[in-house]
């Protein structure tokens, strides 16, 4: 995706030469201060009412555990109870096994040292599936802006080198094109969590990397 984007810009330059094009990328690091946990409560019973009641009871237990861990209700995103028939394959055919009721939760917390205990306790309270544990930073917007400034500086430095080698000077900026590091196919510039100095006893990564990339187009200035 990124190679196609740059290649397209290059072809435009060949067909309609107008100046200097440079690609710049940069990353900034920060210690994570936020964790998001996604999990589900799932119950299967022979009767719909029994499945609903079992799921409600588990949800109550889970919410109680979340409060014990200091997680406010406002930091908990929970879905409504979903009821459907449950089946499984037996001897090559699908068999009815009961009624499945489930609720999905997404929880945010700033207590990173408490993550392992939280996971253990919500499972003990009735959570069946831990779908993901993601670490992030609260001030990600500011970090992204910083990375973008550095990406622009990197593109400008590259353009200066090309201009010097070609015996010209970099002129005015004519084109600014953001390259989203989160889009599929640009994985090497994607914002992601990296584990640094992480042990089996500590789920939190050492830092979060926030990246940005840009394509700048400059006019050519001649003395």
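Residue numbers (this note's numbering): 532 to 754.
Ideal Cβ placement from N, Cα and C applies to all residues, glycine included.
request  = Please confirm whether residue 687 and residue 701 have their CB atoms less than 9 Å apart.
outcome  = yes
query = Hey, residue 638 and residue 567 are a contact pair by Cβ (cut 8 Å); roughly how many whole angstroms apart?
reply = 7 Å
Range of the contiguous alpha helix (DSSP H) that encloses residue 653 = 646–656
task = May I have the straight-line CA-CA distance separating residue 635 from residue 575, to the nearest angstrom?
result = 15 Å
task = Give the DSSP-derived three-state secondary structure of residue 612 in the structure shown.
result = coil
message = Is it the case that the segment 597–605 contacts the segment 572–589, given that we only count it when at least three CB pairs across the two stretches are under 8 Å?
response = no
message = For residue 558 and residue 740, which I take to be in contact (beta-carbon distance under 8 Å), what is that distance rounded to the nearest angstrom?
response = 5 Å
ask   = residue 617: which of 611, 610 and 626 sits nearest, CA to CA?
value = 626
request  = Tell me, please, which residues DSSP counts as bridged to residue 631.
outcome  = In the DSSP output, where bridge partners are listed per residue, residue 631 has 575 and 615.
query = Mind checking residue 621: buried by the 16 CB within 10 Å criterion, or exposed?
reply = exposed
inquiry  = Let me check understanding here. Comparing Cα to Cα, which of 569, 632, 747 and 659 lies closest to residue 611?
reply    = 632
ask   = With DSSP run on the structure shown, which of helix, strand or coil describes residue 550?
value = Reduced to three states, the DSSP call for residue 550 is coil.
request  = Spell out the partners DSSP gives residue 749 in its beta bridges.
outcome  = Beta-bridge partners of residue 749 (DSSP): 551 and 704.
task = Figure out for me which residue from 648, 751 and 552 has the closest Cα to the Cα of residue 698.
result = The candidate whose alpha carbon is nearest that of residue 698 is 751.
key: Rounded C-alpha distance that separates residue 653 from residue 591   = Roughly 11 Å separates the two Cα atoms.
query = Which residues in the same chain as residue 572 place their Cβ atom closer than 7 Å to its Cβ, once the five residues preceding and following it in sequence are excluded?
reply = 586, 589, 590, 593, 633, 634, 657, 658 and 659
ask   = Do you know how far the Cα of residue 667 is from the Cα of residue 681?
value = 21 Å
message = For a quick check, are the C-beta atoms of residue 643 and residue 564 less than 9 Å apart?
response = yes
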